[in-house]
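Under the numbering used here, the first residue of the sequence shown carries the number 31, and numbering increases by one thereafter.
Have a look at the structure below before the remarks.
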Amino acid sequence: MSRTLAHVTKLVQVDGHSHQLLHISEVDGERTLEVMIERNALIAIRSALVGEKNTRPITSDLCTSIIHGLNGTVHETEIHHFDNGTYFAELRLSDSSGKAISIDCRPSDAIAVCLQVNAPIYISETVWDKV
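Printed below as a string of structure tokens:
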């Protein structure tokens, strides 16, 4: 399946609303996805982008701590499906024995985890074709 490497290009905080905007763009192209995310996800992604540590662990911190505590490795995330206004992603990792594991998750959660560990973000061509 064809896919493109992507990165976070913009976070838009909308005061007075629970949902915020995340822009994800191709690294070597011009296409951009606009994804609605929750305020907590915006905070997690923004913190990971600037290398800021939160005073208390947030969900993405917990996920990376669990994965590393179990001697696992985060490899990548891929936004692989778009249906009825909702994006779907998989976080791909391996356990301590090297066994590959794919976990269904929200793109915002997977992106926050990948940013914390410098893992790549991909977008499937099937998603680009639908938006």
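Here a beta-carbon is modelled for each residue, glycine too, at the ideal position from N, C-alpha and C.
Predicted model only: the values in this text are computed from it and were never measured.
Review point. By DSSP, does residue 76 sit in helix, in strand, or in coil?
Key: Under the three-state reduction of DSSP output, residue 76 falls in the helix class.
Check your understanding: Taking the alpha carbon of residue 35 as the point to measure from, which residue in 115, 109, 159 and 117 has its own alpha carbon closest?
Key -> Checked all of 115, 109, 159 and 117; the closest Cα to residue 35 is 109.
Exercise for review: To the nearest angstrom, report how far apart residue 88 and residue 76 are at their CA atoms.
Suggested key: If you draw a straight line from the Cα of residue 88 to the Cα of residue 76, it comes to about 12 Å.
Review point. So, is residue 9 buried or exposed, given that buried needs 16 or more other C-beta atoms within 10 angstroms?
Key: A question about residue 9 goes unanswered here, because the residues of the chain that appear run from 31 up to 161.
Review point. Comparing alpha-carbon positions, which option in 103, 153 and 113 lies nearest residue 57?
Key: The shortest C-alpha separation from residue 57 is found at 153.
**Study point:** CB contact flag (residue 120, residue 103, <8 Å)
**Key:** No, Cβ-Cβ distance for residue 120 and residue 103 is not below 8 Å.
Review point. Do residue 78 and residue 149 have their C-beta atoms closer together than 8 Å?
Key: Not in contact: residue 78 and residue 149 (Cβ atoms no closer than 8 Å).
Exercise for review: Tell me where the beta strand (DSSP E) around residue 110 begins and ends.
Suggested key: First-last of the beta strand (DSSP E) with residue 110: 103 to 113.
Check your understanding: Which value, in whole angstroms, describes the spacing of the CA atoms of residue 80 and residue 113?
Key -> Going by the C-alpha atoms only, they are around 31 Å apart.
Check your understanding: Between 116, 147, 31 and 73, which lies nearest to residue 135 when the distance is taken from Cα to Cα?
Key -> Nearest in C-alpha terms to residue 135, of all of 116, 147, 31 and 73, is 116.
Review point. How should residue 159 be labelled, buried or exposed, when 16 other C-beta atoms within 10 angstroms of its C-beta is the threshold for buried?
Key: Result: exposed.
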